[in-house]
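A.B. asks: In our numbering, the protein residues as written are 88 to 313.
Okay, handing you the structure first.
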Amino acid sequence: MKKLDLLEESLLAVFMVVFGLAALLVFKYTSYEVGWKFFILTASFHIFLVILAKSLRWYLPFSIWKFLAPLSLFMVFPDWFLSEVLGVLVFPEDGFPKIGTVSGYMAGLWSIPLFILVYTGIKLEERSVSIVGACLWIGFFSLIIFGISEATLWQMGSWYAQNVKQTHGAAHYVLIPEMVLGVVSYLTYQGFAQSPFLVQVGVSFLIMIQYIGNLGFFYLLFERIL
Numbered sequence: 088m089k090k091l092d093l094l095e096e097s098l099l100a101v102f103m104v105v106f107g108l109a110a111l112l113v114f115k116y117t118s119y120e121v122g123w124k125f126f127i128l129t130a131s132f133h134i135f136l137v138i139l140a141k142s143l144r145w146y147l148p149f150s151i152w153k154f155l156a157p158l159s160l161f162m163v164f165p166d167w168f169l170s171e172v173l174g175v176l177v178f179p180e181d182g183f184p185k186i187g188t189v190s191g192y193m194a195g196l197w198s199i200p201l202f203i204l205v206y207t208g209i210k211l212e213e214r215s216v217s218i219v220g221a222c223l224w225i226g227f228f229s230l231i232i233f234g235i236s237e238a239t240l241w242q243m244g245s246w247y248a249q250n251v252k253q254t255h256g257a258a259h260y261v262l263i264p265e266m267v268l269g270v271v272s273y274l275t276y277q278g279f280a281q282s283p284f285l286v287q288v289g290v291s292f293l294i295m296i297q298y299i300g301n302l303g304f305f306y307l308l309f310e311r312i313l
């Protein structure tokens, strides 16, 4: 069983590397509009991950993907809140249809970093890291992953922050909520991985609600109090 786990981890790492290289090629060498580039890559991630998980009988990756899929859909609402209500996030016209003020591909894009974080947390626990230690590591990895995303993706013509304190395009107020989001997604998956899918959908909605609350609180803290 241990060898099978190592094989799964190795092949999944190769998949992530190939996906990253494909993303570079799509953005550098294709002439599609930016929104369609993001959509093609996001859809490809979901399709090929499911194909791999089903064909190779990867229970854990498929289970995590299934849990995160509805959460990724719900995560359109926090982005909509930031862009429409607070006016601190902008999704420029990128050629892809929008859900409210949010580019439609965002409904699937959130799954990618969250999948990496949840899977990593579980593997840390399997290596005898305590749940507290795993949460600390996930918080750190969340800061790295989301921080890099916030600081780089705006250069590709995706979303960008405005009217807030930021460093190299990364808004300050959003980093702690994103760290918490990674940890909460991991802990919630651990608690509800075996639950019926409708229960998982309901839990995903609650994760989204707590994320909006964190965004509102830390926006108030960073932009109005400090």
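The beta carbon of each residue, even a glycine, is placed where N, CA and C say it ideally should be.
1. Checking 8 Å against the spacing of the C-beta atoms, do I294 and T275 come in under that value?
2. So what does L253 bridge to, in DSSP terms?
3. Ignoring anything shorter than 3 residues or poking outside the stretch 88-114, list the beta strand (DSSP E) runs there in chain order.
4. Round the Cβ separation of I127 and F202 to the nearest angstrom and send it over; I've been treating them as touching at under 8 Å.
5. Which residue marks the beginning of the alpha helix (DSSP H) containing L201, and which one marks its end?
6. Any contact of the stretch 178-193 with the stretch 275-293, i.e. 3+ C-beta pairs under 8 Å?
7. At which residues does the alpha helix (DSSP H) containing E237 begin and terminate?
8. Out of W167, L196, F125 and L262, which one is the CA nearest neighbour of E237?
9. Compare the beta carbon distance of A221 and G208 with 8 Å and say whether it is the shorter of the two.
C.D. replies: For this structure:
1. It is a contact, given that the beta carbons lie within the stated cut-off.
2. A small correction: the amino acid at residue 253 is Gln; Leu does not occupy that position in the sequence shown. Beta-bridge pairing links Q253 to A258.
3. none
4. Actually they do not touch by this definition, with Cβ atoms about 18 Å apart.
5. S198 to E213
6. no
7. Looking at the DSSP string, the run of the alpha helix (DSSP H) that includes E237 is I218 to T239.
8. L262
9. yes
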